[in-house]
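Numbering (the working numbering), first residue to last: 31 to 216.
For each residue, glycine too, the CB sits at the ideal point set by N, CA and C.
Owing to the predicted nature of the structure, the values given are computational and were not obtained by experimental measurement.
To start, the structure under review is shown below, and the notes come after it.
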């Protein structure tokens, strides 16, 4: 975890250098343990590192946002939920949601098109975990070498211009955390 904390510190030092785009870049300060008490245990480690992240192609919601979403659930849940037990905590591109499995803490990517197809077919959505837990996910995908793989898993950039404008990608590559790779448009 010390390596991830060092990466986050490097990004925090350089994030102000990124050009302002549609969404301002933001990397929140760590959440105090007492403030994280309303979060699921599986998310507390992640929010102990940073409270939310905003970038061109991805967002990690604030601890307050996740707590509100969790509190807003009904005891019975939805009439039919194709992805039961998954709590949204972020998103990638414009149609994929990052969720944590409340039972085992694994991180999943739910693409909107597949979710809607499962909902319409009244079938469960089968997902494969991206990472064993949110901290491992952050290390590999948000601040690591597999950022491009996350973009691809979410459906790819909408256009080659989106890849060029992706300041988060450029920052990770500039710091040597991620390799420069294509990232195909949808």
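Pull up the distance between the alpha-carbon of residue i and that of residue j, whole angstroms please.
{"i": "residue 64", "j": "residue 176", "result": "32 Å"}
{"i": "residue 145", "j": "residue 44", "result": "36 Å"}
{"i": "residue 151", "j": "residue 121", "result": "24 Å"}
{"i": "residue 117", "j": "residue 130", "result": "5 Å"}
{"i": "residue 147", "j": "residue 170", "result": "29 Å"}
{"i": "residue 168", "j": "residue 201", "result": "15 Å"}
{"i": "residue 70", "j": "residue 132", "result": "7 Å"}
{"i": "residue 89", "j": "residue 83", "result": "5 Å"}
{"i": "residue 98", "j": "residue 74", "result": "15 Å"}
{"i": "residue 100", "j": "residue 114", "result": "13 Å"}
{"i": "residue 77", "j": "residue 198", "result": "19 Å"}
Using DSSP's beta-bridge definition, name the partner residues of residue i.
{"i": "residue 120", "result": "90 and 128"}
{"i": "residue 291", "result": "Residue 291 is absent from the structure shown; the chain starts at 31 and stops at 216."}
{"i": "residue 84", "result": "56 and 89"}
Applying the 10 Å Cβ sphere with the 16-neighbour rule, what's the burial state of residue i?
{"i": "residue 173", "result": "buried"}
{"i": "residue 50", "result": "exposed"}
{"i": "residue 136", "result": "buried"}
{"i": "residue 110", "result": "exposed"}
{"i": "residue 209", "result": "exposed"}
{"i": "residue 59", "result": "exposed"}
{"i": "residue 81", "result": "buried"}
{"i": "residue 41", "result": "buried"}
{"i": "residue 215", "result": "Low confidence applies here, because residue 215 scores a pLDDT of 45, under 50, leaving its location unreliable; read the following figure in that light. Per the 10 Å Cβ criterion, exposed."}
Can you give me the start and stop residues for the alpha helix (DSSP H) that residue i sits inside?
{"i": "residue 74", "result": "71-77"}
{"i": "residue 165", "result": "164-167"}
{"i": "residue 32", "result": "32-44"}
{"i": "residue 204", "result": "197-204"}
What residue does the beta strand (DSSP E) around residue i start on, and which one ends it?
{"i": "residue 137", "result": "137-141"}
Can you find a C-beta in chain D that's less than 8 Å from the C-beta of residue i?
{"i": "residue 115", "result": "In summary, chain D is missing from the structure at hand, where a single protein chain is found."}
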